[in-house]
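If you read the protein sequences in the order shown, they are chains A and B. Quick note on my numbering: the first sequence kicks off at 486 and runs consecutively. Quick note on my numbering: the second sequence kicks off at 486 and runs consecutively. Backbone N, C-alpha and C define an ideal beta-carbon position, used for all residues, glycine too. Given the structure is predicted, the values throughout are model-derived calculations rather than measurements. Everything on this sheet refers to the single structure shown next.
There are 2 protein chains.
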Amino acid sequence: MRDVAAAAGVSRTAVSFALNNIPNRNISEATRQRILKVARDLDYAPNTQALNLVTGKTMMVALVVRKTTQQFAGDAFLSEMIEGLMQALEPEGYHLMVHAAHPNASGSTYRDLVRTRKVDGLLISSPMVHDPEIRLLHDEGTPIVLNGATDEPDIPSVDVDNRQGASVAVRHLIALGHRRIGHISNAPFTYTASCHRLEGYRKALADAGILADERLIHHGDFTDESGYAPMLALLDLPEPPTAVFVGSDTVALGALDAIRSRGRRVPDDLSVIGFDNIPVGKYLTPPLTTVHLPAIDLGRHAGAMIVQVLRGDLLPSPTVSLPTRLIVRESTRSLSE
Amino acid sequence: MRDVAAAAGVSRTAVSFALNNIPNRNISEATRQRILKVARDLDYAPNTQALNLVTGKTMMVALVVRKTTQQFAGDAFLSEMIEGLMQALEPEGYHLMVHAAHPNASGSTYRDLVRTRKVDGLLISSPMVHDPEIRLLHDEGTPIVLNGATDEPDIPSVDVDNRQGASVAVRHLIALGHRRIGHISNAPFTYTASCHRLEGYRKALADAGILADERLIHHGDFTDESGYAPMLALLDLPEPPTAVFVGSDTVALGALDAIRSRGRRVPDDLSVIGFDNIPVGKYLTPPLTTVHLPAIDLGRHAGAMIVQVLRGDLLPSPTVSLPTRLIVRESTRSLSE
DNA sequence: CTGAAAGCGCTTACAG
DNA sequence: CTGAAAGCGCTTACAG
């Protein structure tokens with residue numbers, strides 16, 4: 486910048502004004518053009534770090550993924566999520582950093598991200614039902630938006646309506662005549678999404694006057710393998726279910742495998758419905774009936790929201806809940822046929 | 486920091502030395518401990534932006550993904566790649582930024598990332614065979630490592646041995662008795678990976694004394710849908726192939742669908758082998774024979790490499806090529822049986 | 001219409 | 001063993 490000023494024969498102040506196109510500060514059009522030309526000729530690029538220091542902003546947002554290595558690598562939606570996030574962030578001049586915070590790690594490594602001014606705000610994925618750290622972060626005034634709801638309605642979050650999605654899935658099964666319906670969750674019930682999907686399952690049963698049987702409820706743990714043992718347990722029940730609602734397509738993969746391993750067929754012997762609508766679901770045999778999760782939209786909303794928070798705009802509503810959509814394919818069938 | 490210095494009754498210099506634990510600069514152990522305690526009590530966190538300005542480093546690396554929105558969102562390996570990258574980067578104190586550079590966008594948005602000192606270096610994915618921009622970037626001295634090989638041996642890159650992987654796949658088909666073997670690539674042949682996999686295909690055929698038939702060669706375009714039409718074209722040939730090597734499992738999904746739509750069966754009527762070993766491959770019907778791509782390892786190597794480049798370390802070899810592994814499942818069978 | 005000066009929060013020669 | 005001072009590259013009141 487010093488060089489540009491020298492070459493154009495003006496002060497650094499003038500260069501700053503010209504480059505940033507400050508409206509009030511008048512600079513004659515002639516010198517403005519001259520400065521711009523010199524800057525271009527010198528291939529000048531402003532130093533972001535210096536700018537950050539004076540503005541106090543980094544224009545950077547961190548996506549913190551709280552998963553283990555294995556869960557992280559197997560996340561089918563991370564790329565969609567990131568894509569949506571960037572669609573919202575980049576036009577506003579924000580950049581996206583990805584930060585892994587393995588859940589069993591001690592202390593919140595991500596809190597330091599904003600304390601040390603590496604990023605302006607945090608997007609936190611996979612929240613737990615009860616998470617004092619997030620509460621603390623938010624109460625400290627740290628700009629955060631959660632990717633996934635919690636039970637704290639004042640903390641900004643975006644998620645799909647998990648209860649609704651699960652209810653719709655289970656109602657579909659009930660409409661097909663099933664009464665004995667098992668559930669394998671996507672993750673332990675300490676995760677909000679699992680918890681809400683379980684609630685949706687219970688509600689659909691209750692609404693139909695079906696008594697919930699706790700032996701029919703198991704939990705997965707994000708991965709495909711984690712669906713195998715729970716499914717076997719369900720199959721080995723004295724009175725096995727005729728249909729299963731699995732809270733994640735990925736977990737359903739393992740469950741389907743378990744069913745096959747027992748020589749049972751889907752949907753003939755057992756109906757299976759998943760959740761998420763992973764891209765390969767339609768290529769499975771049979772194509773998997775599921776509940777669509779709009780991952781890119783989720784990212785877009787979360788991105789738009791953190792921008793508002795960072796600008797200090799009032800949020801119309803701190804929590805946004807996106808609708809899901811039932812995708813009926815061929816892994817579910819009517820009991821009566 | 487000023488507050489810490491005041492509270493501890495020392496200069497900011499002393500605080501800086503104590504906090505950074507500078508060895509040569511002696512500070513009495515007593516005052517060191519005092520300073521550390523005060524810093525803790527005041528919940529002091531250093532301002533990274535200020536540090537960056539003086540050191541001239543950002544400790545940040547950008548992963549630039551040169552794909553369209555759709556290709557990006559469908560990238561099955563992005564999360565694995567990122568996981569590997571972070572495993573290498575975080576212990577070294579580097580952070581990872583993700584930047585989308587859609588291929589048809591005008592100008593290199595990512596060049597500015599390092600010019601404006603937002604990041605120290607670039608990890609560039611999905612390189613083309615011929616890319617003057619990357620050449621330019623490297624010649625300017627921009628620290629880059631490519632994720633995927635190019636034909637420029639002096640530019641640091643990490644990739645799997647695509648030629649070798651493709652050869653092994655096709656040799657497997659030949660060993661099963663196939664002579665008329667089709668190929669559908671993962672992407673247009675302007676991408677290095679596609680190009681090299683095609684070369685591997687050709688080499689395996691040539692080694693077996695089989696004449697390549699150009700009508701048997703088609704190209705996909707990253708997505709599952711892009712495998713459909715090429716497969717149909719293959720099937721509609723007067724003399725269709727008995728086996729097909731598809732350069733990507735994702736593209737193979739569409740190809741398998743096309744085969745099904747024609748009422749043909751895999752592997753009975755046609756053997757299919759993919760590339761990448763996407764996690765769901767083993768859950769397909771039939772489970773997909775494929776070539777394993779070690780995505781996390783790729784990320785780890787790329788991450789380790791950019792760290793070396795940034796440190797100015799000499800690279801033992803600018804290009805690293807990781808081995809692939811044939812995964813035989815049930816989508817390929819012997820012709821003679 | 002334009003420039004000199006202070007300041008953002010650090011590090012690091014340099015002098016005591 | 002410790003501190004005063006300069007400097008990293010910008011922006012922005014403030015004064016002319």
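request  = Kindly examine the ligand ZN and report whether one of its heavy atoms sits closer than 6 Å to the Cβ of Ala515/A.
outcome  = No copy of the ligand ZN appears in this structure; indeed no ligand is present at all.
inquiry  = Less than 7 Å between C-beta atoms, sequence neighbours within five positions excluded: which residues of the same chain meet that for Ile512/A?
reply    = For the purposes of this step, residue 512/A is taken as residue 27 along the first sequence, with counting starting at 1. Sequence-distant partners of Ile512/A (beyond 5 residues in either direction) whose C-beta falls short of 7 Å from its own C-beta, in its chain, are Ala499, Phe502 and Ala503.
task = Give the interface partners of Met613/A over in chain B, defined as CB-CB distance under 7 Å, in chain order.
result = Your numbering for residue 613/A matches position 128 in the first sequence. Correct list: empty, because the minimum Cβ distance to chain B is about 21 Å.
request  = Report the residue from Leu738/B, Tyr713/B and Glu710/B whose alpha carbon sits nearest the alpha carbon of Leu769/A.
outcome  = As a working note, residue 769/A is residue 284 in the first sequence. Measuring from the Cα of Leu769/A, the nearest candidate turns out to be Leu738/B.
inquiry  = For the pair the region 627-640 of chain B and the region 648-666 of chain B, tell me if three or more CB-CB distances fall below 8 Å.
reply    = Touching, no, given that fewer than three Cβ pairs across the two stretches are closer than 8 Å.
ask   = Between the region 724-744 of chain A and the region 659-670 of chain A, do at least 3 Cβ pairs fall closer than 8 Å?
value = In short, these stretches touch, since the Cβ pair count reaches three.
Where Tyr676/A falls: helix, strand or coil (DSSP) = Along the first sequence, one-based indexing puts residue 676/A at 191. The answer is strand: DSSP assigns Tyr676/A an E or B state.
request  = Show which residues of chain B have a CB atom less than 7 Å away from the CB atom of Ser564/A.
outcome  = Mapped onto the first sequence, residue 564/A falls at position 79. Phe557, Ala558, Asp560, Leu563 and Ser564, listed in chain order.
Own chain partners of Ile653/A with C-beta closer than 6 Å, once the 5 adjacent residues on each side are dropped = Taking the first residue of the first sequence as 1, we reach residue 653/A at position 168. Note on identity: in this sequence residue 653/A is Val, with Ile being the wrong assignment. Taken in chain order, the residues that qualify are Leu811.
request  = Tell me, please, whether the CB atom of Pro768/B is closer than 7 Å to any CB atom in chain A?
outcome  = Counting from 1 along the second sequence, the entry for residue 768/B is found at position 283. In the sequence under discussion, the amino acid at residue 768/B is Tyr, which differs from the Pro named in the question. Residue contact with chain A for Tyr768/B: present (Cβ-Cβ distance below 7 Å to some residue of chain A).
request  = Taking Val583/A as the query, report the chain B residues whose CB atoms sit under 9 Å from its CB, ordered along the chain.
outcome  = Indexing the first sequence from 1 puts residue 583/A at position 98. In chain order: Leu548, Ile567, Leu570, Met571, His580, Leu581, Met582 and Val583.
query = Taking the alpha-carbon positions, what's the Ile695/A to Pro808/A distance?
reply = Looking up residue 695/A in the first sequence gives position 210. Looking up residue 808/A in the first sequence gives position 323. Cα to Cα, Ile695/A sits roughly 25 Å from Pro808/A.
task = Select from the region 710-744 of chain A all residues with a C-beta closer than 9 Å to any C-beta belonging to chain B, and list them in chain order.
result = Answer in chain order: Thr735, Leu738, Gly739, Leu741 and Asp742.
inquiry  = On the DSSP letters alone, give me the boundaries of the beta strand (DSSP E) that His730/B sits inside.
reply    = As a working note, residue 730/B is residue 245 in the second sequence. The sequence given here has Phe at residue 730/B, not His. Counting along the chain, the beta strand (DSSP E) containing Phe730/B begins and ends at Ala728 to Val731.
query = Can you name the residues of chain A whose CB is closer than 7 Å to the CB of Arg600/B?
reply = Position 115 of the second sequence, counted from the first residue, corresponds to residue 600/B. Those within 7 Å of Arg600/B in chain A are Ala530.
task = Please go through the same chain and pick out, in chain order, the residues whose beta-carbon is closer than 7 Å to the beta-carbon of Leu722/A, but skip the five residues on each side of it.
result = Locating residue 722/A in the first sequence gives position 237, counting from the first residue. Once the five neighbours on either side are set aside, the close Cβ partners of Leu722/A are Arg700.
request  = Determine which residues share a DSSP beta bridge with Ile812/A and list them.
outcome  = To locate residue 812/A, count along the first sequence from 1; it is residue 327. In DSSP, Ile812/A forms a bridge with Thr775/A.
message = Let me check one thing: in DSSP terms, what residues is Met486/B bridge-paired to?
response = The count along the second sequence starts at 1 and reaches residue 486/B at position 1. Within the DSSP bridge table, the entry for Met486/B names no partner.
query = Among Val645/B, Pro771/B and Val765/B, which residue has its Cα nearest to the Cα of Ser756/B?
reply = Position 271 of the second sequence, counting from 1, holds the residue named residue 756/B. If we check each option's Cα against that of Ser756/B, Pro771/B comes out closest.
query = Going along chain B, which residues have a C-beta under 7 Å from Thr554/A?
reply = Position 69 of the first sequence, counted from the start, is the residue given in the question as residue 554/A. Taking the beta carbon of Thr554/A as reference, the chain B residues within 7 Å of it are Glu568, listed in sequence order.
query = For Ser642/B, which residues does DSSP report across the bridge?
reply = Taking the second sequence and counting its residues from 1, one reaches residue 642/B at position 157. Leu631/B and Thr804/B.
Interface flag, Asn537/B vs chain A, CB-CB below 7 Å = Residue mapping note: residue 537/B aligns to position 52 of the second sequence, counting from 1. Taking Cβ atoms only, chain A reaches closer than 7 Å to Asn537/B, which makes this a yes.
task = Using a Cβ cut-off of 7 Å (strictly closer), state whether Val765/B contacts chain A.
result = Translated into the one-based positions of the second sequence, residue 765/B becomes position 280. Taking 7 Å as the threshold, the shortest C-beta distance from Val765/B to chain A falls below it.
key: Alpha-carbon to alpha-carbon, Phe557/B and Glu568/A   = Along the first sequence, read from residue 1 onward, the residue named residue 568/A stands at position 83. Along the second sequence, read from residue 1 onward, the residue named residue 557/B stands at position 72. Distance between the alpha carbons of Glu568/A and Phe557/B is about 7 Å.
inquiry  = Looking at the secondary structure, which residues open and close the beta strand (DSSP E) in which Ile758/B lies?
reply    = What you label residue 758/B is simply residue 273 of the second sequence in a count that begins at 1. Judged by DSSP secondary structure, Ile758/B falls within the beta strand (DSSP E) whose first and last residues are Ser756 to Ile758.
key: Pairwise C-alpha distance: Thr708/B and Val643/A   = Here residue 643/A corresponds to residue number 158 of the first sequence, with the count starting at 1. Here residue 708/B corresponds to residue number 223 of the second sequence, with the count starting at 1. Taking C-alpha positions only, Val643/A is separated from Thr708/B by approximately 28 Å.
ask   = Does the Cβ of His584/B have 16 or more other Cβ atoms within 10 Å, making it buried, or fewer, making it exposed?
value = As a position in the second sequence, residue 584/B is number 99, starting the count at 1. Around the beta carbon of His584/B, a 10 Å sphere encloses 16 or more other beta carbons of the protein chains shown; the residue is thus reported as buried.
query = Apart from the five residues on each side of it in sequence, which residues of its chain come closer than 8 Å, Cβ to Cβ, to Gly662/A?
reply = To locate residue 662/A, count along the first sequence from 1; it is residue 177. For Gly662/A, where only same-chain residues beyond five positions count, the Cβ hits under 8 Å are Ser819, Leu820 and Ser821.
request  = Taking Ile659/B as part of the alpha helix (DSSP H), name the residues at either end of that continuous run.
outcome  = Counting from one through the second sequence, the residue named residue 659/B turns up at place 174. Run containing Ile659/B: Asn647 to Ala660, per the alpha helix (DSSP H) assignment.
ask   = Can at least three beta-carbon pairs, one atom from the region 672-683 of chain B and one from the region 613-628 of chain B, be found at a separation below 8 Å?
value = Enough Cβ pairs lie closer than 8 Å, so yes.
inquiry  = Relative to the C-alpha of Ile702/B, which candidate in Ala693/B, Gly732/B and Glu577/B has its C-alpha closest?
reply    = Mapped onto the second sequence, residue 702/B falls at position 217. Minimum Cα distance to Ile702/B is reached at Gly732/B.
query = When the Cα of Ile629/A is compared with those of Arg749/A, Gly606/A, Asp646/A and Gly541/A, which residue comes out closest?
reply = Residue numbering aside, residue 629/A sits at position 144 when the first sequence is read from its first letter. Answer by Cα proximity: Gly606/A.
Exposure label - Lys552/A; buried when at least 16 CB within 10 Å = Your numbering for residue 552/A matches position 67 in the first sequence. Buried is the call here.
inquiry  = Assuming Tyr686/A and Ala714/A are in contact, meaning their beta carbons sit under 8 Å apart, how far apart are those beta carbons, in whole angstroms?
reply    = Sequence index remark: in the first sequence, residue 686/A carries index 201 (1-based). Sequence index remark: in the first sequence, residue 714/A carries index 229 (1-based). The pair is not a contact, with the Cβ atoms about 19 Å apart (cut-off 8 Å).
key: For His623/A and Ser611/A, the rounded distance between their alpha carbons   = Locating residue 611/A in the first sequence gives position 126, counting from the first residue. Locating residue 623/A in the first sequence gives position 138, counting from the first residue. Those two C-alpha atoms are separated by around 16 Å.
inquiry  = Does Val599/A come out as helix, strand or coil in the three-state DSSP assignment?
reply    = For the purposes of this step, residue 599/A is identified with residue 114 of the first sequence, where counting begins at 1. DSSP places Val599/A in the helix class (H, G or I) of the three-state scheme.
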